[in-house]
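Each remark here refers to the structure printed beneath this line.
Residue numbers (this note's numbering), protein chains in the order written: chain A, 1 to 360; chain B, 361 to 571.
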């Protein structure tokens with residue numbers, strides 16, 4: 001797509017949409033192309049303007065039991081997100097913790113005490129029995145959107161292993177030479193299952209533009225396991241899924257929480273198109289080191305939106321755009337940095353990013 | 361005679377089979393070296409903690425070390441004299457209310473037991489009232505609180521406040537640990553100490569016990 005040059009007329013606000021609960025509404029400008037087109041263009045490394053959370057729509061259908069178990073349903077069913085719990089697609093029981101706003105498997109009685117047990121114990125889900133037709137009907141209106149539809153897929157590989165083995169069992173199985181072969185075989189089989197599920201999504205939800213696959217790898221301070229472990233144990237199996245998604249023309253974002261600077265090369269080798277990590281990561285440094293190989297969700301410089309004047313807010317936005325809106329090395333605005341997006345900041349960011357990206 | 365340097369190295373390098381073979385060797389010789397083996401394991405675990413601090417080791421290695429340690433302790437127990445290894449007494453350990461994670465708690469538990477404590481593990485999602493009640497009932501004065509989620513900080517503060525409300529604050533020493541724990545969090549909660557490195561946390565508890 002040719003990136004149209006920026007025209008000041010684009011700053012005309014055509015509508016306002018709700019922001020996060022408690023946050024002010026978000027202005028929608030008179031974009032030169034649709035939000036869906038602009039987002040898709042980013043994944044072709046042809047950014048039109050700096051993507052924020054505005055331009056995408058999360059889809060996480062309840063037809064997949066994992067999403068209900070994880071209390072993370074965003075679809076046309078009317079089921080509210082952040083309510084749920086129950087059995088995932090393997091029959092593992094998840095408990096919703098209201099105070100934390102999420103679900104986890106209560107530790108203490110892991111389904112697998114040793115990874116080698118999986119061969120005889122895991123009952124593989126019969127995904128053909130899921131109500132796909134009903135789900136397609138239920139979501140037709142939800143998926144009819146000008147936004148880039150990103151389907152979240154929970155419980156990737158390491159997260160799945162945790163659900164089977166509790167955290168400690170899983171993290172040891174990743175490095176215990178008596179279990180690593182079994183873990184690799186399990187991850188391989190899981191990837192085959194995920195490809196099958198994604199194939200069903202392709203049939204019944206063809207409106208999906210891209211995927212965000214969930215696999216948390218770290219804590220606030222560090223990655224849970226070494227980069228060598230991730231390279232050997234997870235990367236090949238992730239690549240199976242990203243290769244499939246790319247073959248059907250879908251983008252793939254890895255959602256992975258934690259301090260993950262050391263794991264970025266693995267993310268790249270696993271075939272992920274983008275990663276928008278938590279603010280505990282030095283996203284500026286990560287962009288500098290790896291932004292030409294993977295689209296990074298870059299955090300804004302820290303400032304106090306309540307205390308900064310409008311001109312100061314605009315100056316911050318200009319500084320951000322000048323550093324991170326490079327047509328040869330596009331990025332996206334880090335989802336977790338939304339508090340910086342005052343009206344003035346957003347407008348300035350939009351205008352500057354349009355100028356920068358269209359100059360490339 | 362079993363080579364204790366070899367045992368220390370095996371623990372620090374997470375060579376599970378070698379550790380257990382050497383422990384079996386100690387026990388096959390009537391356990392005369394059991395205490396020395398325990399010390400070697402502790403020193404090896406301390407080295408693991410150091411390597412975690414420097415970034416050579418990760419959480420996976422810490423947990424694995426804890427599991428190796430637990431197995432080693434289990435084998436050595438019959439040969440360790442009553443009272444000589446539990447000379448540091450009892451302490452309470454738990455994950456605070458609202459947090460179901462037990463990963464940090466379990467790593468520290470293995471290290472505390474290796475360090476000479478008898479640990480009363482109250483489990484996960486433990487209310488302040490339950491922790492105070494256990495300390496009162498069991499007459500325990502060292503309390504270790506663990507949490508992974510940011511909300512754990514508020515629960516840790518509530519626990520410290522609960523001890524104060526019960527008139528027990530001056531009689532207990534409270535240490536907090538886990539991913540969200542920082543110096544600022546320690547000040548906010550009113551705890552006596554904090555650590556992000558499990559082995560250093562054990563050292564603090566040992567100092568309190570021996571004071």
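Glycine residues also receive a C-beta, built at the ideal position from the N, C-alpha and C atoms.
{"Item": "Proximity winner among A/248, A/49, A/359, A/221, relative to residue 262 of chain A (alpha-carbon distances)", "Value": "A/221"}
{"Item": "Simplified DSSP state of residue 380 of chain B, which is helix, strand or coil", "Value": "helix"}
{"Item": "Closer than 8 Å to chain B by CB, residue 362 of chain A", "Value": "The structure shown does not extend to residue 362 of chain A, since chain A is modelled only from 1 to 360, so the question has no answer here."}
{"Item": "Cβ neighbour criterion (16 or more within 10 Å) applied to residue 168 of chain A", "Value": "buried"}
{"Item": "Coarse secondary structure for residue 451 of chain B, derived from DSSP in three states", "Value": "strand"}
{"Item": "Pair within 8 Å by beta-carbon distance, residue 244 of chain A and residue 151 of chain A", "Value": "no"}
{"Item": "Nearest-angstrom beta carbon gap, residue 36 of chain A and residue 209 of chain A [assumed within contact, 8 Å]", "Value": "6 Å"}
{"Item": "Below-8 Å beta-carbon distance, residue 154 of chain A vs any chain B residue", "Value": "no"}
{"Item": "Distance, residue 390 of chain B Cα to residue 438 of chain B Cα", "Value": "10 Å"}
{"Item": "Backbone secondary structure at residue 147 of chain A - three-state DSSP", "Value": "coil"}
{"Item": "Span separating the alpha-carbon of residue 15 of chain A from that of residue 29 of chain A", "Value": "7 Å"}
{"Item": "Contact check, residue 95 of chain A vs residue 89 of chain A, beta carbons under 8 Å", "Value": "no"}
{"Item": "Nearest neighbour of residue 530 of chain B, chosen from B/464, B/496, B/435, B/395 [CA to CA]", "Value": "B/496"}
{"Item": "Listed by chain order, chain B residues near residue 171 of chain A by CB distance under 7 Å", "Value": "419, 420, 423"}
{"Item": "C-beta atoms of residue 258 of chain A and residue 218 of chain A nearer than 8 Å", "Value": "yes"}
{"Item": "Contacting residues, own chain, Cβ-Cβ under 6 Å from residue 358 of chain A (five flanking each side not counted)", "Value": "3, 5, 6"}
{"Item": "Alpha-carbon to alpha-carbon, residue 407 of chain B and residue 115 of chain A", "Value": "28 Å"}
{"Item": "Own chain, CB closer than 7 Å to residue 171 of chain A, minus 5 neighbours either side, in chain order", "Value": "224, 225"}
{"Item": "Contact between the stretch 314 to 329 of chain A and the stretch 343 to 351 of chain A (3+ Cβ pairs under 8 Å)", "Value": "yes"}
{"Item": "Identity of the residue in A/100, A/17, A/113, A/142 nearest residue 76 of chain A by Cα", "Value": "A/142"}
{"Item": "Whole-Å CB distance - residue 494 of chain B paired with residue 452 of chain B, under 8 Å assumed", "Value": "6 Å"}
{"Item": "Residue range of the unbroken alpha helix (DSSP H) whose run includes residue 358 of chain A", "Value": "343 to 358"}
{"Item": "Segment contact flag, the stretch 548 to 565 of chain B with the stretch 404 to 421 of chain B, C-beta cutoff 8 Å, min 3 pairs", "Value": "yes"}
{"Item": "Start and end residues, beta strand (DSSP E) containing residue 214 of chain A", "Value": "210 to 214"}
{"Item": "Closest Cα partner of residue 411 of chain B within the set B/381, B/374, B/427, B/431", "Value": "B/374"}
{"Item": "Nearest-angstrom beta carbon gap, residue 480 of chain B and residue 498 of chain B [assumed within contact, 8 Å]", "Value": "6 Å"}
{"Item": "Secondary structure, alpha helix (DSSP H): runs of 4+ residues fully inside the stretch 98 to 140 of chain A", "Value": "118 to 121, 132 to 139"}
{"Item": "Exposed unless 16 or more other CB atoms sit within 10 angstroms - verdict on residue 429 of chain B", "Value": "buried"}
{"Item": "CB contact check: residue 573 of chain B to chain A, cutoff 8 Å", "Value": "Chain B is shown only over 361 to 571; residue 573 of chain B falls outside these bounds and no answer can be derived."}
{"Item": "Alpha helix (DSSP H) segments (min. 4 residues) lying fully within the stretch 479 to 511 of chain B", "Value": "488 to 498"}
{"Item": "Contact between the stretch 226 to 237 of chain A and the stretch 549 to 559 of chain B (3+ Cβ pairs under 8 Å)", "Value": "no"}
{"Item": "First and last residue of the uninterrupted beta strand (DSSP E) at residue 29 of chain A", "Value": "26 to 29"}
{"Item": "Buried versus exposed, by CB contacts within 10 Å (16 or more), residue 326 of chain A", "Value": "buried"}
{"Item": "Sequence-distant residues of the same chain with beta carbon closer than 7 Å to residue 56 of chain A, five excluded per side", "Value": "39, 147, 148, 150"}
{"Item": "Environment of residue 414 of chain B [buried if 16+ CB atoms lie within 10 Å]", "Value": "exposed"}
{"Item": "Inter-residue spacing [alpha-carbon to alpha-carbon] between residue 197 of chain A and residue 204 of chain A", "Value": "11 Å"}
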